[in-house]
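Data first, discussion second: the structure below is written as structure tokens.
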Amino acid sequence: MAHQRELDNVTRFYQNHPINEEQILKALEDKGIDPARATENDLKAFDQDHYGGIAALESLMREAGITNRHNVLDVCSGMGGPARYLPHSIGCHVTGVDLTESRCAGATRLTRMVHLDKLVGFHHGNALEMPFADASFDVVMAQEAWAHIPDKPRLVAQVARVVKPHGVVAFTDIMRAAPLTQEVAQRLFDGMTFTQIESIEGYAALLEANGCTIERCTDLGREWTGILQQRHAMYRSMKPSTVAKFGEAGYRKYDDAYAFFVSLYEQGVLGGARFIARKRK
Ligand SMILES: C[S@@+](CC[C@H](N)C(=O)[O-])C[C@H]1O[C@@H](n2cnc3c(N)ncnc32)[C@H](O)[C@@H]1O
1213 MAHQRELDNV
1223 TRFYQNHPIN
1233 EEQILKALED
1243 KGIDPARATE
1253 NDLKAFDQDH
1263 YGGIAALESL
1273 MREAGITNRH
1283 NVLDVCSGMG
1293 GPARYLPHSI
1303 GCHVTGVDLT
1313 ESRCAGATRL
1323 TRMVHLDKLV
1333 GFHHGNALEM
1343 PFADASFDVV
1353 MAQEAWAHIP
1363 DKPRLVAQVA
1373 RVVKPHGVVA
1383 FTDIMRAAPL
1393 TQEVAQRLFD
1403 GMTFTQIESI
1413 EGYAALLEAN
1423 GCTIERCTDL
1433 GREWTGILQQ
1443 RHAMYRSMKP
1453 STVAKFGEAG
1463 YRKYDDAYAF
1473 FVSLYEQGVL
1483 GGARFIARKR
1493 K
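To convert, note that position 213 of the sequence shown is 1425 in this note's numbering; the numbers rise steadily by one, no gaps.
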């Protein structure tokens, strides 16, 4: 596979990520919730690995017009938080696909734990070669993941291939708001495994070129700066569990990389957006 080195780095990064199954279960226990009795209402506070949590997911769901009749694909589904919340709140079917096998396995276990496994399933796979037939899904969604994916023309072509005619592509992602120097791009890859950070204009052109009409594009850069500062503080508050699992050096490496990432938002170099696009035919 082309880009194997980048994909392997992303997998390693998520195998050592502070948000993981063990930490989610511990967060439940710390709240006095027995995981064996936990519901999606309990879990949803701890398993969303994107900016803005449930409120951001609800904005995406509302703008995408997701209903209980829809068959939804979550590309880069992580620990499965968004994929579980959709059927919990709306009743639709969701499939998740993710590159990191341990995250698919963890997502599957958490989903079984809260009895949503009849409506949600996870596939271990690469978004650049999705194992789904053409026109399989009413909605294809994603949150804060595509910056890890090295070949955006191929990614958007895959997404447009699996969405049905008149279906919706709805996603948010980390985007560049100014040109990135080689040095900054390399630091973002080394620290956060962002392999290619697209711009709003770049995504818009790729969607249009792949038969999708943009219905809405909301710039989230300013909103995310505050969220990311809080998120960094949250990661720092998790230091004991991160050090216990990945060691002091692992914690330090992640913290330095995150501090640099947040500083790029503060300087207006990085931003983000929510795209809602409809497949023409
Ligand atoms: C920040 S997490 C987002 C998870 C989820 N969207 C959420 O909001 O909770 C990014 C996820 O993207 C996945 N990922 C990165 N590159 C991928 C690829 N090429 N194909 C599929 N998944 C990928 C990672 O394994 C990771 O689980």
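We put the CB at the ideal spot given by N, CA and C, even for glycine.
This structure is a prediction, so every number in the text was calculated from the model and none was measured.
Rounded to whole angstroms, the gap between the alpha carbons of V1352 and Q1479 is 32 Å.
Beta-bridge analysis with DSSP links G1333 to T1307. The beta carbon of P1299 is closer than 8 Å to those of H1305, V1306, L1328, L1331 and V1332 in its chain, skipping five residues each way along the sequence.
A residue is called buried once 16 or more other Cβ atoms fall within 10 Å of its Cβ, and S1475, having fewer, is exposed. A direct Cα-to-Cα measurement between S1289 and V1326 gives close to 17 Å. Membership of A1489 in any alpha helix (DSSP H) is not indicated; the residue belongs instead to the beta strand (DSSP E) covering L1482 to K1491.
Within the region 1227–1289, the complete beta strand (DSSP E) segments of 3 residues or longer fall at 1283–1287, listed in chain order. If you look at H1215, you'll find it isn't in any beta strand (DSSP E); DSSP assigns it neither H nor E. Nearest to E1395 by alpha-carbon distance, out of T1384, T1407, R1486 and I1266, is T1407. The count of Cβ pairs closer than 8 Å, one atom from the region 1250–1261 and one from the region 1310–1327, reaches three, so the stretches are in contact. Relative to ligand 1, the beta carbon of V1222 is positioned inside 7 Å of a heavy atom. DSSP, reduced to helix, strand and coil, places V1368 within a helical segment of the structure shown.
Of the candidates L1255, Y1263 and T1393, the residue whose Cα lies closest to the Cα of G1438 is Y1263. Each residue's CA atom was taken as its position, placing R1443 and N1228 some 17 Å apart. When the beta-carbon positions are compared, K1493 and V1381 stay at least 8 Å from each other. Residue state for H1327 is assigned as coil, using DSSP reduced to three classes. Taking 8 Å as the cut-off, the Cβ atoms of K1256 and I1266 count as close. With fewer than 16 other beta carbons inside 10 angstroms of its own, A1456 counts as exposed. If you check the C-beta of L1400 against ligand 1, you find no heavy atom less than 7 Å away. Remark: C-beta atoms of L1311 and T1384 do not approach each other more closely than 8 Å. Here DSSP, grouped into helix, strand and coil, assigns T1384 to strand. Put simply, the region 1411–1426 does not touch the region 1227–1243. Fewer than three CB pairs are less than 8 Å apart. Taking all protein chains in view, the Cβ of M1342 is crowded by 16 or more other Cβ atoms within 10 Å, so the residue is classified as buried.
Just measuring C-alpha positions, the residue of A1276, R1315, V1368 and Y1297 sitting nearest Y1226 is R1315. Contact between N1422 and A1372 holds: their C-beta atoms lie close to 4 Å from each other, under 8 Å.
Each residue's CA atom was taken as its position, placing E1313 and G1433 some 31 Å apart. When the Cα atoms are used, F1344 and V1374 turn out to be separated by approximately 7 Å.
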